[in-house]
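*Asks:* Encoded as structure tokens, here's the structure I'll be asking about.
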Amino acid sequence: MAGTPRLCFEFDVVVVGGGHAGVEAASASARMGLKTALLTMNADTVGLMSCNPAIGGIAKGQMVREIDALGGIMGKTIDQTAIQFRMLNLGKGPAMHSPRAQADKKLYQQQIKWLMETTPNLVLRQEIVEGFQIEEAPRENEVGSRQIIRGVWAQGDTLYKAKAVILTTGTFLKALMHTGEAKTAGGRAGDSTTEGISDSLAREGIQLARFKTGTPCRLLGESIDFSKLEPQPGDAVPRPFSFATERITQSQIDCHITFTNEKVHDLIRKNLHRSPMYSGQIQSRGPRYCPSIEDKVVRFADKDRHQIFLEPEGRQTREYYCNGISTSLPKDVQWDLVRSIVGLENAEILRWGYAVEYDFAPPTQLFSTFETKAIQALYFAGQLNGTTGYEEAAGQGLYAGINAAGKILGKGSFHLDRSEAYLGVMVDDLVTRGVDEPYRMFTSRAEYRIALRQDNADQRLIPKGFAYGIVDQTALARLEIKNRKIAKAKAFLQENRVDNLTYWQILKRPEIRFRELGENAEEYEKEAGEGFGEVIEQLEIEAKYQGYVQRQNSEIERFQKMESQPIPEFFDYHRIRQLRAEAREKLTQYRPKSLGHASRIPGITPADITVVLIHLT
Amino acid sequence: MLSSRTSHALEDIIVALATPAEPSERAVIRLGGTGCHCLISTLFRPQIAPQGWPNVAKRHWVEGTLSVPGLFGWVPCSIHFWPHGTGYTRQEAAELHCVGSLPLLDLVIQSLVAGGARPAQPGEFSLRAFLSGSIDLSQAEAVVAISKAKQPAELALAMEQLAGGIRHPAEELRRELLDLLADLEAGLDFAEEDISFVESKRLILSLGSFLAQIINLRRRMREKDTQAPLPRVALAGPPNAGKSTLFNLLISSPSQAIVSDIPGTTRDWLEGIGSLPCGTKVTWMDTAGLSDSPMGELDIVSQNATWSLLPKADLIVACLPWNGIASAKLLKPMPGEIPVLVVQTLADLNQDGFTSEARVSSHTGEGIGLLKSKVSEMLKVNAEANIPPLARCQAQLEQAEGAIRRAHRQAVEDDPIEVLVLELRVALDALGEMTGVLYTDDLLDRVFTRFCIGK
Numbered sequence: 004m005a006g007t008p009r010l011c012f013e014f015d016v017v018v019v020g021g022g023h024a025g026v027e028a029a030s031a032s033a034r035m036g037l038k039t040a041l042l043t044m045n046a047d048t049v050g051l052m053s054c055n056p057a058i059g060g061i062a063k064g065q066m067v068r069e070i071d072a073l074g075g076i077m078g079k080t081i082d083q084t085a086i087q088f089r090m091l092n093l094g095k096g097p098a099m100h101s102p103r104a105q106a107d108k109k110l111y112q113q114q115i116k117w118l119m120e121t122t123p124n125l126v127l128r129q130e131i132v133e134g135f136q137i138e139e140a141p142r143e144n145e146v147g148s149r150q151i152i153r154g155v156w157a158q159g160d161t162l163y164k165a166k167a168v169i170l171t172t173g174t175f176l177k178a179l180m181h182t183g184e185a186k187t188a189g190g191r192a193g194d195s196t197t198e199g200i201s202d203s204l205a206r207e208g209i210q211l212a213r214f215k216t217g218t219p220c221r222l223l224g225e226s227i228d229f230s231k232l233e234p235q236p237g238d239a240v241p242r243p244f245s246f247a248t249e250r251i252t253q254s255q256i257d258c259h260i261t262f263t264n265e266k267v268h269d270l271i272r273k274n275l276h277r278s279p280m281y282s283g284q285i286q287s288r289g290p291r292y293c294p295s296i297e298d299k300v301v302r303f304a305d306k307d308r309h310q311i312f313l314e315p316e317g318r319q320t321r322e323y324y325c326n327g328i329s330t331s332l333p334k335d336v337q338w339d340l341v342r343s344i345v346g347l348e349n350a351e352i353l354r355w356g357y358a359v360e361y362d363f364a365p366p367t368q369l370f371s372t373f374e375t376k377a378i379q380a381l382y383f384a385g386q387l388n389g390t391t392g393y394e395e396a397a398g399q400g401l402y403a404g405i406n407a408a409g410k411i412l413g414k415g416s417f418h419l420d421r422s423e424a425y426l427g428v429m430v431d432d433l434v435t436r437g438v439d440e441p442y443r444m445f446t447s448r449a450e451y452r453i454a455l456r457q458d459n460a461d462q463r464l465i466p467k468g469f470a471y472g473i474v475d476q477t478a479l480a481r482l483e484i485k486n487r488k489i490a491k492a493k494a495f496l497q498e499n500r501v502d503n504l505t506y507w508q509i510l511k512r513p514e515i516r517f518r519e520l521g522e523n524a525e526e527y528e529k530e531a532g533e534g535f536g537e538v539i540e541q542l543e544i545e546a547k548y549q550g551y552v553q554r555q556n557s558e559i560e561r562f563q564k565m566e567s568q569p570i571p572e573f574f575d576y577h578r579i580r581q582l583r584a585e586a587r588e589k590l591t592q593y594r595p596k597s598l599g600h601a602s603r604i605p606g607i608t609p610a611d612i613t614v615v616l617i618h619l620t
Numbered sequence: 027m028l029s030s031r032t033s034h035a036l037e038d039i040i041v042a043l044a045t046p047a048e049p050s051e052r053a054v055i056r057l058g059g060t061g062c063h064c065l066i067s068t069l070f071r072p073q074i075a076p077q078g079w080p081n082v083a084k085r086h087w088v089e090g091t092l093s094v095p096g097l098f099g100w101v102p103c104s105i106h107f108w109p110h111g112t113g114y115t116r117q118e119a120a121e122l123h124c125v126g127s128l129p130l131l132d133l134v135i136q137s138l139v140a141g142g143a144r145p146a147q148p149g150e151f152s153l154r155a156f157l158s159g160s161i162d163l164s165q166a167e168a169v170v171a172i173s174k175a176k177q178p179a180e181l182a183l184a185m186e187q188l189a190g191g192i193r194h195p196a197e198e199l200r201r202e203l204l205d206l207l208a209d210l211e212a213g214l215d216f217a218e219e220d221i222s223f224v225e226s227k228r229l230i231l232s233l234g235s236f237l238a239q240i241i242n243l244r245r246r247m248r249e250k251d252t253q254a255p256l257p258r259v260a261l262a263g264p265p266n267a268g269k270s271t272l273f274n275l276l277i278s279s280p281s282q283a284i285v286s287d288i289p290g291t292t293r294d295w296l297e298g299i300g301s302l303p304c305g306t307k308v309t310w311m312d313t314a315g316l317s318d319s320p321m322g323e324l325d326i327v328s329q330n331a332t333w334s335l336l337p338k339a340d341l342i343v344a345c346l347p348w349n350g351i352a353s354a355k356l357l358k359p360m361p362g363e364i365p366v367l368v369v370q371t372l373a374d375l376n377q378d379g380f381t382s383e384a385r386v387s388s389h390t391g392e393g394i395g396l397l398k399s400k401v402s403e404m405l406k407v408n409a410e411a412n413i414p415p416l417a418r419c420q421a422q423l424e425q426a427e428g429a430i431r432r433a434h435r436q437a438v439e440d441d442p443i444e445v446l447v448l449e450l451r452v453a454l455d456a457l458g459e460m461t462g463v464l465y466t467d468d469l470l471d472r473v474f475t476r477f478c479i480g481k
């Protein structure tokens, strides 16, 4: 697209798309002092939770804590708007503890919109983006692509000039929704799709591929017989996501659990040919860990029931989300299916379930800053990169926002490695390994999860974020106070003894809690007052986990040795004739930054690494 | 480990005798590297030239005759040609099969070297095969071990390693570990699901069984390891240089019977075991004297025996008397990769020494201690440069065993699963390095195929 615009704006950073990635990207850039525009198709859906009404969960909760430690908005917003809090996996060790909350969907979205409206340096605007302003990059720019993005074109000959553009268009690129045989264009029920951006990207040489995902039907709470169902309440003492939130004060609402049964399974089997996933109408790949109910019944035929969580969507609505029966079966089957379930015999469907197919850009086309390799100053984040989940999207948005702003401000890239944060694991997985199904975070993706805990996200990331200029003085000061309290309490533990053992040594035993150490410990806790809970938590974890953490540190050292073997950015693999053709191609495509990075590329064998090592030395 | 010092020459044409250096009905000379087919065509005349000769496009078995400078007449010979992209190393390669006459083989190799090839280093073909991706690391190392094997027992072990003797049980163990890990990981990441994961009792039992398997594997390997032969040190030099007297001083066991494992050759050397200063034992070998002008048939035969014996030594002690005459010249054709220690013998008779690394006198005992410590030093350096693959496997198995042992103890003590899993990952890494595979790719696959996951 070219020509003379009728209207022209100039910004430092333009973010296209107002989902969970876009809002974090835009607010990060604005917080770093850059003039930022957030362009969205519909200003009413900024920060909308398109699928389940929940934030956090195992591995995801840890990520929200990391986002918060780096100054992001997700943690604070969910603390203000949640209707239920649960710390998951408490039966396991502290590395596995994961916060999760049910959100008041509408309230969450409104709060995010409020933040977009009130953040200094940030402009929220409803615009339909139709294309990009891409030019030849000046010679003096760094080696690499010859293309550079200078801005985006919006409907009505409007040009938004920018030094960096962050694309966070989610599932909206060439989106197609399926409910049974029926197909509707659109990225979310009731919303439209974006055609122009896909074509512009393809024209600029960005590769696109297709994924599918699904969502279940929503029910009317009044029509559900809760007396037959098992309630699932929130925690008695709810724990906040944000390190800045002192206490959760709002009341909580229960979720409920029910199950599918053989009748439901028979119904699905009988109508399988009408499911677009099985009829061949949908060809693209969906996530295995979030399968449709059709998938569950077919792949796990021996299971006689599957769990369903009925989750309220807010305080001002009676709409319930049916977590566990995502489906693209036709409406008549959905109707019979729901009414065959215990407690749902008279349930009214408020919205139908559907599957959606959309374009994504395989993330191996990105540098580890999320800048595209093909076009300078263009960044991708969120579901566009082939991920799924609000938390994954938000983390990427934040990361892209920080890096785009950092580059404009002349800082080096902001990097987190696999041993520092789940965010680092995600970024490395995406740009190194790529995705062959929508990517979701699991703790098992992190080799060093003993270190990557929800309780220490502030200690891991605030100092680094402050040094880079994305975390403010208040957050740093709060961490310093906490650290001082920890140091003081630790001294107390080491000075006091029972017989020959210090309190600290006794605290190492798995079953012993701080207050059980002695009367003076109980008093100490009382005197320390509000906010001492997190101090005790950290001390208990440190005492009980210390040996394991040290054991893990030796593994981390090994990992860092490989990471510190750099490979020059434009290393010519075609020069190495001993490399297998496949390895040459893969390494050229992925351009790993270090030998460790190269070793994680799928299909690269230890032999390939040896060859590269030989040629590096 | 395969060393990187050969890397500069991955495209060179290399040549080596692929069969034992002994008279036989059939011997094989192997060539590899771009241009080796052209090089062979200068010596070889095919009965029926294949299409495009000498640039064959497909694998070919070609019969023909060989003509070598310095050799009168034509020798029947057949050659197996592999064009680029095929065969063991994926490089242009050839195997030349002809009658196993040592002088003939020598001449052929010399002509090929004169034409631009260079003698292959030990294990160099395997290195190329490994680098081309056609064999994995443990296979490559096993091949190297075979090419270096000095004793039938060692050879058998290396063969077993190549055939999977070590790989199969290790891979099997790795697979079982991976399944268990997938189950445990599913229990960590999908705690909210309606699925029963690994029970503590089953976990302890499985880990106990893994531990038993790995201990067993290690014991089997250790037993084989102790059968490894002693390092061999050959005394070589001109006749009457005092080798035999020196030999008798060096051995601590009485002279052994004349032994040989090569049939059809003169049994013409002595072996004896002796101790070095640090307590290490070595096999000393006394060889027939080498001279510029062999006298008579018998002399030629015994000299040939010496020449075929020397490549089997780990270290050659060149025993040179006062007049170093033939000395330098004699040692020149020594197989290149075997270190040589130059020693001046008969030191009591010759006060004017020449440049040597040690002076010894068997009569006065002068320098014997020094010689032993020099030998010990050189053997040690050499051993470190070639860490045997088995030792590496042992180290990895040991690492895996340690990790499984810790995991087992943690399971018994009911420690957190996420900690135990850390040890299983260490064990998997170690086994994976040994068999040349990484686990990260298949872990989630296993989780998702075994469990119905997801809300």
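Note that the protein sequences, when read in sequence, are chains A and B.
For our numbering, add 3 to where a residue sits in the first sequence, where the first one is 1.
For our numbering, add 26 to where a residue sits in the second sequence, where the first one is 1.
Cβ atoms here follow ideal geometry from the backbone N, Cα and C, with glycine treated the same way.
Cα separation between residue 145 (chain B) and residue 139 (chain B)?
*Replies:* So the alpha carbons of these two residues sit roughly 7 Å apart.
*Asks:* Restricting to runs no shorter than 3 residues, where is the beta strand (DSSP E) found entirely within the region 140-194 of chain A?
*Replies:* The region 140-194 of chain A contains these whole beta strand (DSSP E) runs: 150-157, 161-164, 167-170, 179-182 and 185-188.
*Asks:* Closer than 8 Å is the cut-off here; do at least three beta carbon pairs connect the region 60-77 of chain A with the region 461-478 of chain A?
*Replies:* Touching, yes.
*Asks:* From which residue to which residue does the beta strand (DSSP E) around residue 123 (chain B) run?
*Replies:* Per DSSP, residue 123 (chain B) belongs to the beta strand (DSSP E) from 119-126.
*Asks:* Note down, one range per segment and in chain order, each beta strand (DSSP E) of at least 3 residues found wholly within the region 192-254 of chain A.
*Replies:* Counting only runs of 3 or more, we get 212-218, 221-223 and 233-235.
*Asks:* Using alpha carbons as the reference points, say which of A:245, A:90, A:575 and A:503 lies closest to residue 239 (chain A).
*Replies:* Selected option, being the one with the closest Cα: A:90.
*Asks:* Kindly examine the ligand ATP and report whether one of its heavy atoms sits closer than 6 Å to the Cβ of residue 111 (chain B).
*Replies:* What this structure holds is no ligand at all, so the ligand ATP is not there to describe.
*Asks:* Does the pairing of the region 46-58 of chain A with the region 154-172 of chain A give three or more beta-carbon distances under 8 Å?
*Replies:* At 8 Å Cβ cutoff, the stretches do not touch.
*Asks:* Does the Cβ-Cβ distance between residue 58 (chain B) and residue 143 (chain B) come in under 7 Å?
*Replies:* Going by C-beta atoms, residue 58 (chain B) is not nearer than 7 Å to residue 143 (chain B).
*Asks:* Classify residue 82 (chain A) as buried or exposed, calling it buried when 16 or more other Cβ atoms lie within 10 Å of its own Cβ.
*Replies:* With 16 or more Cβ atoms within 10 Å of its Cβ, residue 82 (chain A) is classed as buried.
*Asks:* Sort out for me which residues DSSP pairs residue 59 (chain A) with in a bridge.
*Replies:* Note: residue 59 (chain A) sits in a beta bridge opposite A:103.
*Asks:* Indicate whether the contact test is met: 3 or more Cβ pairs, each with one atom in the region 45-63 of chain B and one in the region 108-128 of chain B, closer than 8 Å.
*Replies:* Taking 8 Å as the limit for Cβ pairs, the verdict is that the region 108-128 of chain B does touch the region 45-63 of chain B.
*Asks:* Is the shortest distance between the beta-carbon of residue 92 (chain A) and the beta-carbons of chain B less than 7 Å?
*Replies:* Closer than 7 Å to some Cβ of chain B, the Cβ of residue 92 (chain A) qualifies, so yes.
*Asks:* Reducing DSSP to helix, strand and coil, say where residue 257 (chain A) ends up.
*Replies:* Here residue 257 (chain A) sits in coil by DSSP.
*Asks:* What is the rounded straight-line gap between the Cα of residue 373 (chain B) and the Cα of residue 273 (chain B)?
*Replies:* Those two C-alpha atoms are separated by around 15 Å.
*Asks:* Among A:407, A:588, A:582 and A:154, which has the Cα closest to the Cα of residue 115 (chain B)?
*Replies:* Checking every option, the nearest Cα to that of residue 115 (chain B) belongs to A:582.
*Asks:* When the Cα atoms are used, what is the spatial distance from residue 498 (chain A) to residue 551 (chain A)?
*Replies:* Going by the C-alpha atoms only, they are around 24 Å apart.
*Asks:* In whole angstroms, give me the CA-to-CA distance for residue 325 (chain A) and residue 338 (chain A).
*Replies:* Straight-line Cα distance between these residues: approximately 13 Å.
*Asks:* Do the CB positions of residue 456 (chain A) and residue 98 (chain A) come within less than 7 Å of each other?
*Replies:* Going by C-beta atoms, residue 456 (chain A) is nearer than 7 Å to residue 98 (chain A).
*Asks:* Pairing CB atoms from the region 538-555 of chain A with CB atoms from the region 485-501 of chain A, are three or more of them under 8 Å?
*Replies:* Cβ pair count under 8 Å is three or more, so yes.
*Asks:* Report all residues from its chain with a CB closer than 7 Å to the CB of residue 272 (chain A); omit the five preceding and five following residues, and keep chain order.
*Replies:* Cβ within range, chain order: 300.
*Asks:* Going by DSSP in three states, residue 419 (chain B) sits in which element: helix, strand or coil?
*Replies:* Looking at residue 419 (chain B) - three-state DSSP - the assignment turns out to be helix.
*Asks:* Take residue 42 (chain B) and list the residues in its own chain whose beta-carbon comes closer than 6 Å to its own, dropping the five residues that flank it on each side.
*Replies:* Excluding positions up to five away in sequence, the list reads 56 and 146.
*Asks:* Using the beta-carbon of each residue, which ones in chain B are nearer than 8 Å to residue 450 (chain A)?
*Replies:* By Cβ distance, chain B contributes 451.
*Asks:* Cα separation between residue 217 (chain A) and residue 209 (chain B)?
*Replies:* Answer to the nearest angstrom: the Cα atoms are 26 Å apart.
*Asks:* Consult DSSP for residue 630 (chain A) and reduce its assignment to one of helix, strand or coil.
*Replies:* Summary: the structure shown does not reach residue 630 (chain A), with chain A confined to residues 4 through 620, and so no result is reported for it.
*Asks:* Verify the CB distance criterion: does residue 226 (chain A) have a CB-CB separation below 7 Å to chain B?
*Replies:* Judged by the 7 Å Cβ criterion, residue 226 (chain A) is not in contact with chain B.
*Asks:* Report the CB separation of residue 123 (chain B) from residue 104 (chain B) in whole angstroms; it is logged as a contact under 8 Å.
*Replies:* With 8 Å as the limit, residue 123 (chain B) and residue 104 (chain B) qualify as a contact, their Cβ atoms being about 5 Å apart.
*Asks:* Would you mind sorting residue 123 (chain A) into buried or exposed? The rule is 16 or more other CB atoms within 10 Å of its CB.
*Replies:* Exposed, since its Cβ has fewer than 16 Cβ neighbours within 10 Å.
*Asks:* May I have a chain-ordered list of the alpha helix (DSSP H) segments no shorter than 4 residues that lie completely inside the region 321-352 of chain A?
*Replies:* Counting only runs of 4 or more, we get 334-342.
*Asks:* Applying the 10 Å Cβ sphere with the 16-neighbour rule, what's the burial state of residue 410 (chain A)?
*Replies:* The residue in question, residue 410 (chain A), is buried, as its Cβ has 16 or more Cβ neighbours within 10 Å.
*Asks:* Assess, as a yes-or-no matter, whether the region 335-344 of chain B is touched by the region 259-274 of chain B under the definition of 3 or more beta carbon pairs within less than 8 Å.
*Replies:* A contact exists between the region 259-274 of chain B and the region 335-344 of chain B.
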